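Engineer: Would you mind keeping the following structure in view while I ask a few things?
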Amino acid sequence: MKRHPEELDALKELCHQEKMELSDLQYELLAGYAVLLEQWNKKINLISRKEDAPVVVKHIFHSLLMGLFHPFGAGEKVLDLGTGGGLPGIPLAIAWPETRFLLVDSTGKKIAACQAMLKELGISNAVAVHSRVEELKGLSFDTVLSRQVAQLEQLCAYACRFLKPDGVLICLKGGNLEEEIRTALEARLVHHGFPARIEHFPISGFSPFFAEKEIVIARR
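Residue 245, in this note's numbering, is where the sequence shown stops; the numbers in between run on with no holes.
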């Protein structure tokens, strides 16, 4: 597997700046995932093919930032809704090996790519499943993640079905979110009272590539 050492160095520098303590093996796995993601992207549309930033920054470090705002714990059960090519679930599974991740997407080809990448990387704390969210039954999670472009109110509607009483929804989103947040809060009565409150944090300070990007956390 061809590595991009300059991108790996950039990822290490970004993580060190934010005091993310990762091992050499974890960095190698993250770099390996970046290579696989680019390879699979030539066959299946997983991420944009006209990137304005290295994959390790725009997609992998972007995903890892969730861990700065939410302390993933041992045994925590996490659902990654609309995972696409494994984002943010696969980078987070590498960085937090004691947390359990279920990666779900309704597109079979994308999940097949995720399954192949998880197998090649030897990641055992993440499972990728081909399913529509409406078809998932009898499951509960501590945390639901999403990096997809659905409106926040729709993501809250999906998440409230799976979250434990003290569970949270964490989204990576962009653009002006005031209207999305207002709509999600107004709709909480039809979503079992979820969310009771929403916090959002601009992340442009972590990298110039994250201008107008935010981490949004919806809580009960």
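Heads up, the beta-carbon is just placed ideally off N, CA and C, and yes, glycines get one too. Fair warning: this is a prediction, and the values are worked out from it, not measured in the lab.
Mind checking which residues open and close the beta strand (DSSP E) that includes G199?
Structural biologist: Element bounds for G199: 188-199.
Engineer: Where does V60 fall in DSSP's three states?
Structural biologist: Helix at V60.
Engineer: In the DSSP output, which residue or residues are listed as bridge partners for V152?
Structural biologist: L127, per the DSSP bridge assignment.
Engineer: Is it buried or exposed, L194, if we count other Cβ atoms within 10 angstroms and call 16 or more buried?
Structural biologist: By the neighbour-count rule (16 or more Cβ atoms within 10 Å), L194 is buried.
Engineer: Closest to G163 by C-alpha separation, out of E145, V174, K189, would be which residue?
Structural biologist: Considering only alpha carbons, the answer is K189.
Engineer: What first and last residue would you give for the alpha helix (DSSP H) that runs through E43?
Structural biologist: Where E43 is concerned, there is no enclosing alpha helix (DSSP H), given that its DSSP letter is neither H nor E.
Engineer: With DSSP as the reference, identify every bridge partner of T168, one or two as the case may be.
Structural biologist: DSSP lists V103, V193 as partners of T168.
Engineer: Taking the beta strand (DSSP E) that L238 falls in, what are its first and last residues?
Structural biologist: A small fix is needed here, since residue 238 is Lys in this sequence, not Leu. Counting along the chain, the beta strand (DSSP E) containing K238 begins and ends at 238-244.
Engineer: Pair every Cβ in the region 90-101 with every Cβ in the region 144-154, then say whether three or more of these pairs are closer than 8 Å.
Structural biologist: Taking 8 Å as the limit for Cβ pairs, the verdict is that the region 144-154 does not touch the region 90-101.
Engineer: Tell me the DSSP secondary structure of P220 in three-state form.
Structural biologist: Coil.
Engineer: In whole angstroms, give me the CA-to-CA distance for E205 and L39.
Structural biologist: Cα-Cα distance, rounded: 30 Å.
Engineer: If we count the other Cβ atoms within 10 Å of its Cβ and call it buried at 16 or more, is A41 buried or exposed?
Structural biologist: The residue asked about is misnamed: residue 41 is His in this sequence, not Ala. H41 is exposed by the Cβ-count criterion.
Engineer: Among A182, R213, T168, which residue has its Cα nearest to the Cα of D191?
Structural biologist: Of A182, R213, T168, the residue nearest in Cα terms is T168.
Engineer: Does the region 61-70 come within contact of the region 207-224, defined as at least 3 CB pairs closer than 8 Å?
Structural biologist: Because the criterion of three Cβ pairs below 8 Å is not met, the region 61-70 and the region 207-224 do not touch.
Engineer: What did DSSP end up calling F235 once you bin it into helix, strand or coil?
Structural biologist: Residue state, collapsed to three classes: helix.
Engineer: Hey, A118 and I136: beta-carbon distance below 7 Å or not?
Structural biologist: It is not a contact, given that the beta carbons lie outside the stated cut-off.
Engineer: Buried or exposed, going by whether 16 or more other CB atoms sit within 10 Å of the CB of P30?
Structural biologist: By the neighbour-count rule (16 or more Cβ atoms within 10 Å), P30 is not buried but exposed.
Engineer: Go ahead and pull the three-state DSSP assignment for L225.
Structural biologist: Checking the displayed sequence, the identity of residue 225 turns out to be His instead of Leu. Residue state, collapsed to three classes: strand.
Engineer: Report the rounded CA-to-CA distance for E224 versus V241, giving the unit in angstroms.
Structural biologist: In a straight line, the C-alpha of E224 is about 6 Å away from that of V241.
Engineer: Candidates N150, K44, E159: which alpha carbon is nearest P116's?
Structural biologist: Closest by alpha carbon: N150.
Engineer: On the premise that G200 lies in contact with E160, defined as a C-beta separation below 8 Å, what is that separation, rounded to the nearest angstrom?
Structural biologist: Not really, about 30 Å apart at Cβ, beyond 8 Å.
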